[in-house]
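K.L.:
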Amino acid sequence: MESTPLLRMEKIHKWFEEVHAVNDVDFEIHRGETVLLVGDNGAGKSTLIKIISGIHQPTSGKIYFEGKKVKINSVNQARKLGIETVYQERAIVGSISVARNVFLGREPQRSFGLAKIVDSKLMKEKSFEAVNKGLGLNISSMDQEARFCSGGEQQGIAIARAFLFKSKLVILDEPTNALSMAGVKQVQKFIKELGKKGIASIIITHSLSSMFPVSDRIVIFSRGSKILDKPKSEASLENVECLLLD
Ligand SMILES: Nc1ncnc2c1ncn2[C@@H]1O[C@H](COP(=O)(O)OP(=O)(O)O)[C@@H](O)[C@H]1O
Ligand SMILES: [Mg+2]
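Just so we're aligned, residue 0 is where the sequence shown starts under numbering that gives the first Met the number 0, counting upward by one.
(1) For Ser208, which residues in the same chain have their Cβ closer than 7 angstroms to its Cβ, ignoring the five residues on either side in sequence?
(2) Collect the residues with a C-beta less than 6 angstroms away from any heavy atom of ligand 2 and give them in sequence order along the chain.
(3) Which residues bound the beta strand (DSSP E) around Asn22?
(4) Assign Leu252 to buried or exposed, taking buried as 16 or more other Cβ atoms, counted over all protein chains shown, within 10 Å of its Cβ.
(5) Mind checking whether Ile219 and Val37 have CB atoms under 8 angstroms apart?
(6) From Phe26 to Glu192, what does the alpha carbon distance come to, in whole angstroms?
(7) From what residue to what residue does the alpha helix (DSSP H) around Thr46 run?
(8) Considering only C-alpha positions, which residue in the set Ala157, Gly151 and Pro4 is nearest to Lys67?
(9) What does DSSP give as the partner residue(s) for Tyr86 in the beta ladder?
(10) Output the distance between the C-alpha atoms of Gly246 and Pro230, rounded to the nearest integer angstrom.
(11) Would you say the beta carbon of Gly38 comes nearer than 7 angstroms to a heavy atom of ligand 1?
(12) Counting only the same chain and skipping the five closest in sequence on each side, list residues whose C-beta sits under 8 angstroms from that of Gln87.
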């Protein structure tokens, strides 16, 4: 494995008033690596990823991205670094088109007289490429409303943003919640596809058994602390499940 991690966090603490949500956590991830982040409710998983995606600032600790010390003060800044986050509840807006969902807030514009308007043609081409060529989906119309896509396809539409915007790290919060078996299989495939293209991913999941096969490393949180951080080859599914039950 290369020596400079893509992201490295050192001695991260986060306090919310008297709640010690993240307690002295070191965390790193390399290019193309898939890390599962698991642990009880309230363990601090979401807080950690919100620090990475620029929603929260740590109370103390250092963050390095591609070897350089950074402060991630906003979601936009995280995106500029190449960090894309897909939140479970807010992955997709059902009432707008597939193409618009891929861009969501970053629509390309073109001049129309003196005005700027959304470049729909470019948006459709680029989203088609990211969704169908990038992730191997088969969504024929980029104009259809996203709510007509299956749950697996909807996750794919959100993940396709990573290809389009050339992300280096994708964070997925519970990507398989409420998905059918077929949807889970699709998400497994998307995650492998990210890895193949050198894009790292952090996956928060309750569904350990379904995401374990596609992961490279397992990290367990408990009450704000990291209690396990091992390559999959050194951590059996049974062991991880036992630790989670403790
Ligand atoms: N915005 C917030 N304000 C106050 N407390 C919070 C906030 N976000 C999380 N917490 C607290 O921090 C702890 C860790 O929460 P969280 O990171 O959401 O855990 P997890 O995602 O592992 O379930 C919990 O005790 C939670 O109540
Ligand atoms: Mg959470």
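Beta carbons are placed, not taken as given, at the ideal position from N, Cα and C, and that holds for glycine.
Given the structure is predicted, the values throughout are model-derived calculations rather than measurements.
P.N.:
If we stick to the structure as given:
(1) Leu236
(2) Lys44 and Ser45
(3) Val18 to Ile28
(4) Past the boundaries of the shown model lies residue 252; the chain is included only from 0 to 245, so the question cannot be answered.
(5) yes
(6) 23 angstroms
(7) Lys44 to Ile51
(8) Pro4
(9) DSSP, once it has assigned bridges, lists no residue as partnering Tyr86.
(10) With the chain represented from 0 up to 245, any question about residue 246 goes unanswered, as that position is not in the structure.
(11) yes
(12) Asp172, Glu173, Pro174 and Asn176
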